[in-house]
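One line per chain: the protein sequences are A and B, in this order.
Take 1 as the starting number for the first sequence in this note's numbering and just add one per residue.
Take 1 as the starting number for the second sequence in this note's numbering and just add one per residue.
For every residue, glycine included, the Cβ atom is placed at its ideal position computed from N, Cα and C.
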Amino acid sequence: DAKTTQPPSMDCAEGRAANLPCNHSTISGNEYVYWYRQIHSQGPQYIIHGLKNNETNEMASLIITEDRKSSTLILPHATLRDTAVYYCIAHTGANNLFFGTGTRLTVIP
Amino acid sequence: EADIYQTPRYLVIGTGKKITLECSQTMGHDKMYWYQQDPGMELHLIHYSYGVNSTEKGDLSSESTVSRIRTEHFPLTLESARPSHTSQYLCASTLGGYNSPLHFGNGTRLTVT
């Protein structure tokens, strides 16, 4: 599974869009990009995933570049409850899933 | 909503005790995982299972053991707890394959005194 690189921390004003970047330059053709978030000490929560096309669900949007070497998770209207650590993972569903340190997003009132 | 449950949520235990952390899921997922996470740190995979009677060690060396006798149940056991085992333990499951997300339990926070 490809390793991913994320900024360690970001701030976002409440009500504004939060754009969280992720680099996965060694991603292979069959690896999906997954995003999870972890609030306080709870278990990580699945947000969204995609292979090539941009994806949107009720929580977020995922923009994947055409070369698939990077992606951006967009929270369109960040709230205080979106403060969390966000993890970007590239994997094939194989057994060893590497989470990394993620991005700590702080939503500021 | 994912149905994966971990018990206990919190556990404080003395050194040398044997403990079992429980993890159960009702989704019929074949693949299950145990992660260890210290506060503010990344998740480390310690064990995983492809299905019944299958268990493998993960990246992080761990003195714990696991079993998978039933699809829905993936308990983790520490034969003799030590203060170095103090951590949060997270269980997860997935159908497997490229297009299946992980579902996590809320974890067990273990403190060994």
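For the beta strand (DSSP E) containing residue i, name the first residue and the last one.
i      : result
A:H91  : A84 to H91
B:T140 : As displayed, chain B neither begins before 1 nor continues past 113, which places residue 140 of chain B out of reach and without an answer.
A:D11  : S9 to A13
A:C32  : First, the amino acid is wrong: residue 32 of chain A is Tyr here, not Cys. Looking at the DSSP string, the run of the beta strand (DSSP E) that includes A:Y32 is Y32 to Q38.
A:T26  : From DSSP, A:T26 is part of no beta strand (DSSP E); its letter is neither H nor E.
B:V12  : Y10 to I13
B:S49  : L43 to S49
B:Q37  : K31 to Q37
B:Q25  : I19 to Q25
A:I48  : Q45 to G50
B:T77  : L76 to L78
Under a three-way DSSP split, which group does residue i fall into?
i      : result
A:R104 : strand
A:L73  : strand
B:P83  : helix
A:R16  : coil
B:L110 : strand
B:L95  : coil
A:R68  : coil
A:L97  : coil
B:R70  : strand
A:L80  : helix
B:L60  : coil
A:P21  : strand
A:S41  : coil
B:S54  : coil
Would you grab the beta carbon distance between residue i and residue j for me? Rounded to a whole angstrom, and I think it's under 8 Å.
i     : j     : result
A:S70 : A:P21 : 7 Å
B:M27 : B:H85 : Between B:H85 and B:M27 the Cβ distance is about 28 Å, and since that is not below 8 Å, they are no contact.
A:S28 : A:A2  : 7 Å
Just tell me which of the options has its CA closest to the CA of residue i.
i      : options                       : result
B:A81  : B:I13, B:S61 and B:G105       : B:I13
B:S61  : B:T113, B:L21 and B:H44       : B:H44
A:L75  : A:F98, A:G15 and A:T5         : A:G15
B:L55  : B:T71, B:D3, B:G28 and B:Q6   : In the sequence as displayed, the identity of residue 55 of chain B is Thr instead of Leu. When only C-alpha atoms are compared, the closest one is B:T71.
A:A78  : A:T4, A:D11 and A:A2          : A:D11
A:N53  : A:R68, A:G43, A:A60 and A:P44 : A:R68
B:V112 : B:P8, B:D3 and B:T15          : B:T15
B:I69  : B:K17, B:C23 and B:I19        : B:C23
A:E66  : A:E58, A:T56 and A:L51        : A:L51
Under 8 Å, do residue i and residue j count as touching if we go by C-beta distance?
i      : j      : result
B:Y33  : B:C91  : yes
B:K57  : B:H73  : no
B:Q25  : B:S93  : yes
B:S67  : B:L78  : no
A:Y87  : A:G100 : yes
A:S9   : A:R104 : yes
B:Y98  : A:Y32  : yes
A:A84  : A:I48  : no
B:L76  : B:L21  : yes
A:I108 : A:A18  : no
B:Q37  : B:Q88  : yes
A:L97  : A:W35  : no
A:N30  : A:T5   : no
B:L95  : B:D30  : yes
B:G107 : A:G43  : yes
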